[in-house]
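Report on the structure given below.
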Amino acid sequence: MKRNIIRIIALAVIVIAAIYIARANIQYKEAKTEYTDLHNYTDNTEKEDLITVDYDSLGKINGDFMGWLYAGDGNISYPIVQSHDNSDYLKRTFNGSRNIAGCIFTDYRTPYFNNYQTIIYGHSMNDGSMFRRLVEYKNADHCKRYPFFYIYTAEGRRKYEIFSVYKDKPDDAVLVYEDDASKRAQLVRDIADRSMYPISAPDNIVSGGGAVVSLVTCDVSNDRYRIIVNGKRIE
């Protein structure tokens, strides 16, 4: 009798897991289709700008749209949004659909590049989408291959040079929500000192709002930790 109960419970667990995986795969496909379609509002160029973005059209689709992130030679290429909190887009896509992929979004406490440090979050999805490719920056050779990322806004393109990549628990990461001009240089040093490998990057930086952008995602090997890829604005 006890063995039969155990078998029934085990079978129920397997069925539930299978249903969860099937639903997740469906949502992966739906999100991939949506974000692929959104690329119709961008165009690749042969110029230094790399891409052009139709800001007006994207803004009409989603009023929270604030820019487009382009990294890793297009391996990461998504619209960025910002809401009134950090939970709104955890399971909601750019078009507003409920989906585990969510959206790439900025921390509501670092609004529209007003802070010296802007923090941008994205899920590390099992299908390789969203910020999953950020995990590859744990490898120094990958960072050397793709040392820059870009943020496109209606005001113009921002070019960032990666100067630190590190892994830490969320509460221990260097994420500053209040801007203090007297502590900006120390902020950059603190972030640089955390890097898991040395990165040769000049001291040049375009000061002001959004001078430092930190891209944050879960580490696939241990989701209690975050991978943080930090760039300093050079253009």
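Under the numbering used here, the first residue of the sequence shown carries the number 6, and numbering increases by one thereafter.
C-beta atoms are modelled at their ideal positions from N, C-alpha and C, and glycine is treated no differently.
From a predicted model like this one, the values you see are computed outputs, not experimental measurements.
Inset, instruction - Between the Cα of N91 and those of A76, K149, D69 and P152, spot the shortest distance and give me the residue it belongs to. - result: D69
Legend entry - Nearest-angstrom beta carbon gap, R163 and G79 [assumed within contact, 8 Å]: Wrong, their Cβ atoms sit about 17 Å apart, outside the cutoff.
Inset, instruction - For A27, collect the residues of the same chain with a Cβ closer than 7 Å to its Cβ; drop the 5 residues on either side in sequence, then sort them by chain order. - result: Any reading at A27 needs caution, since the residue's pLDDT is 47, under 50, leaving its predicted position unreliable; the model's value is listed next. Hits under 7 Å: none found.
Legend entry - Start-to-end residues for the alpha helix (DSSP H) that takes in R194: Where R194 is concerned, the enclosing alpha helix (DSSP H) stretches over R189 to D198.
Inset, instruction - Check the DSSP bridge columns for I109 and list the partner residues they point to. - result: I85
Inset, instruction - Classify F153 as helix, strand or coil using the three-state DSSP reduction. - result: strand
Inset, instruction - Count the C-beta pairs between the segment 93-106 and the segment 185-200 that are closer than 8 Å, then say yes if the count reaches three, no if not. - result: no
Legend entry - Terminal residues of the alpha helix (DSSP H) in which G64 lies: Where G64 is concerned, the enclosing alpha helix (DSSP H) starts and stops at Y60 to I66.
Inset, instruction - Have a look at Y165 and N131 and give me their C-alpha separation to the nearest angstrom. - result: 27 Å
Inset, instruction - State the DSSP-derived secondary structure class of F70, mapped to helix, strand or coil. - result: strand
Legend entry - Buried or exposed (CB count within 10 angstroms, at least 16 for buried), S226: When all chains shown are included, S226 counts as exposed.
Legend entry - Beta-carbon gap between Y86 and F110 smaller than 7 Å: Looking at the sequence itself, residue 86 is Val, so the reference to Tyr does not match. Yes, Cβ-Cβ distance for V86 and F110 is below 7 Å.
Legend entry - Check whether R138 and I81 have beta carbons under 7 Å apart: yes
Legend entry - C-alpha gap between I233 and N104, whole angstroms: 24 Å
Inset, instruction - With DSSP as the reference, please indicate the residues paired to S169 in a beta bridge. - result: N235
Inset, instruction - Report yes if the CB atom of V170 is closer than 7 Å to the CB atom of S212, and no otherwise. - result: no
Inset, instruction - Please name the residue, chosen from T158, A178 and Y142, that lies closest to P203 on a Cα-to-Cα basis. - result: It is Y142.
Legend entry - Per-residue burial, A186 [other beta carbons within 10 Å of its own, 16 or more giving buried]: exposed
Inset, instruction - Would you list the residues sitting across from S219 in a DSSP beta bridge? - result: DSSP lists I124 and N235 as partners of S219.
Inset, instruction - Round the Cβ separation of I125 and N100 to the nearest angstrom and send it over; I've been treating them as touching at under 8 Å. - result: 19 Å between Cβ atoms; not a contact.
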